[in-house]
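Residue numbers (my numbering): 96 to 568. Glycine residues also receive a C-beta, built at the ideal position from the N, C-alpha and C atoms. Here the structure comes first, spelled out in C-alpha cells, and everything after it is commentary.
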C-alpha cells in the first residue's frame, strides 16, 4: 500500500539577523507560526503558491507542445574567434587561421583564440569556405557575422538552425523558466546564439522554436516527399484552436485571407502578444518560473486584435516595422563617433519633458554619411545630410513617456531625445539600449550604426506602448 505524502510547512522570517535569531530562540518547532504548503503534482512546490489561477493557467496549451521541433541556440565555445561585428574582420581572421603555416602564441592572441595546440593543429587541416559566413542573431537588435562550420563550432544545432538557412522563416524564443520579471521572450528570422536574451547561464538556455520546417534536400526526392515547407505546429492543438475560433487553418498566409481562416504566423503573433501582456505576466508569474509558458486558447472576440498587436511587436523586434523610418531621437553633435564611455547609468542624463521640442528640433545636425552614400531622407548623394522631422510624443494623442534624456557615447557626442523607458527596458537579462553600445566600446560608429541605434530606441519605446495596448484588449 502506498503511504500518503507527508505534510510540508514553510515560514519566512524577515528583519535584522539578531531579531531572527531571537525569534528562533523564543520558539520551538511546535510554536512557530508555520504555513502549510499545498504540494501539488507534478511540481510539488516547497514554497507557498497562489493556486487560485492555477486551474485557469493549466487550461492553456504549452508552447513546447505546440512547436514540436526546437532546440537551444548555437554554442560556439569560442565566440571571439568565430563571431564578429564586422564581416570583413571575421573573414580575415578565419582566413589567417587556415592559411598560416604555424599558429604561435602571438598569432593565437591576435586571432582571439584560446585553445590547446592539439585542437589548433587538427582544425587547421580544413579549408576556409566563404559560404560558411552567415548572419547570426547574437543579442537583441544585434546581428553579427559567424563562421558557421561544425569544424570550429562546438554545437551548431543544425537540426533546427537549418530551417532558418534554407528559406524565409521566423522563430520565437522562450526561456524555460522566467524566474525574474525580466522576461526573455523574443523573435528571430535567422540562426541565433544560445545566450541571445541573456538567460542561458541562469535559468537554462532559451530555446528557439521555428515556425516552419524545410524538407531535407538530398537531391533525390521521392514522389511522396514534399518540397514545400511545413508548419512546425502540433496538429491536435491547431485543431482545437480552429474549433474555438470557428475558422479553418491555412499552412500559408494568403494576401486575400479573411477572418475565416488563420495561418501559422497568426498563431505566432497571437502568442507573442499574450506573452507581452503585463497582466498575463503578473497573473501567472509563479507558474512562468517553473516551465515553458502556457498560453490560453484564443477567444474569437479578441484573437485578431491580439494578432495585430503581436504582429506589430514582431516587426518592431526584427526592425522591419514602418516605424523604423520615423526616428524619435537625434544625434546632433559632430565628432569622431567613437564610443569611449563605458555606458552605464551615468551616461544617461535626463532633461525635463518641456525641453523635448528643443531636443528634437529640425535644426539639429546629424552625422554625415560616407561620400557618395544615398541620403536616406531625400534620396540624394553627397556628404551633406538634412535631418528629417522626427516623430515626438507631441505627435501622438497618447504620449509613451515624458522622461527623456541624452545617451552619451563620448565626452562630446550623444543621442538626444531618448525616452527613459527605452534606456531602462529589459529583454531577458539585457537592456538593449545600453548593451548594444557597451559591446561597441572603443569602436567608431558608422553612419549605419547611428541609424541602427535610433531604430532600437524606436523599437523599445513602441514595445512599451504596445504592451499597454495589449492589456486594453
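Check                                                                                                                                     : Outcome
6 angstroms Cβ shell around residue 444 - same chain, five flanking residues per side excluded                                            : 500 and 501
Residue 166 versus 266, 380, 431 and 428, residue with shortest Cα-Cα distance                                                            : 266
Endpoints, beta strand (DSSP E) assigned at residue 266                                                                                   : 266-269
Given residue 258 as reference, the closest of 240, 272, 440 and 283 once Cα atoms are compared                                           : 283
Same chain only: Cβ atoms within 6 angstroms of residue 635, ignoring 5 sequence neighbours per side                                      : Given a span of 96 to 568 for the chain in the structure shown, any question on residue 635 remains unanswerable.
Coil, strand or helix - residue 238 by DSSP                                                                                               : strand
Close Cβ partners of residue 549 (< 6 angstroms) along its chain, the five nearest in sequence each way excluded                          : 422 and 424
Given residue 189 as reference, the closest of 240, 415, 439 and 324 once Cα atoms are compared                                           : 240
Inter-residue spacing [alpha-carbon to alpha-carbon] between residue 164 and residue 289                                                  : 16 angstroms
Pairwise C-alpha distance: residue 568 and residue 106                                                                                    : 39 angstroms
Residues near residue 392 by beta carbon distance below 7 angstroms, same chain, minus five either side                                   : 155, 156, 335, 336 and 339
Beta-carbon contacts of residue 341 that lie in its chain and below 7 angstroms, excluding the five residues immediately before and after : 395
Proximity to residue 564 [Cα-Cα], best of 310, 230 and 400                                                                                : 400
Counted within 10 angstroms of its Cβ, other Cβ atoms place residue 183 as buried (16 or more) or exposed                                 : exposed
Residue range of the beta strand (DSSP E) that includes residue 514                                                                       : 509-514
Which listed residue (498, 126 and 242) has its alpha carbon closest to that of residue 231                                               : 242
First through last residue of the beta strand (DSSP E) which encompasses residue 131                                                      : 130-132
Exposed unless 16 or more other CB atoms sit within 10 angstroms - verdict on residue 390                                                 : buried
Between the CA atoms of residue 426 and residue 175 - distance to the nearest angstrom                                                    : 30 angstroms
Residue nearest to residue 551 in terms of C-alpha spacing, selected from 268, 528 and 158                                                : 528
Spatial distance of residue 330 from residue 364 (CA atoms)                                                                               : 18 angstroms
Under the three-state DSSP convention, the category residue 423 falls into                                                                : coil
Close beta carbons around residue 218, own chain, < 7 angstroms, minus the five adjacent residues each side                               : 246 and 247
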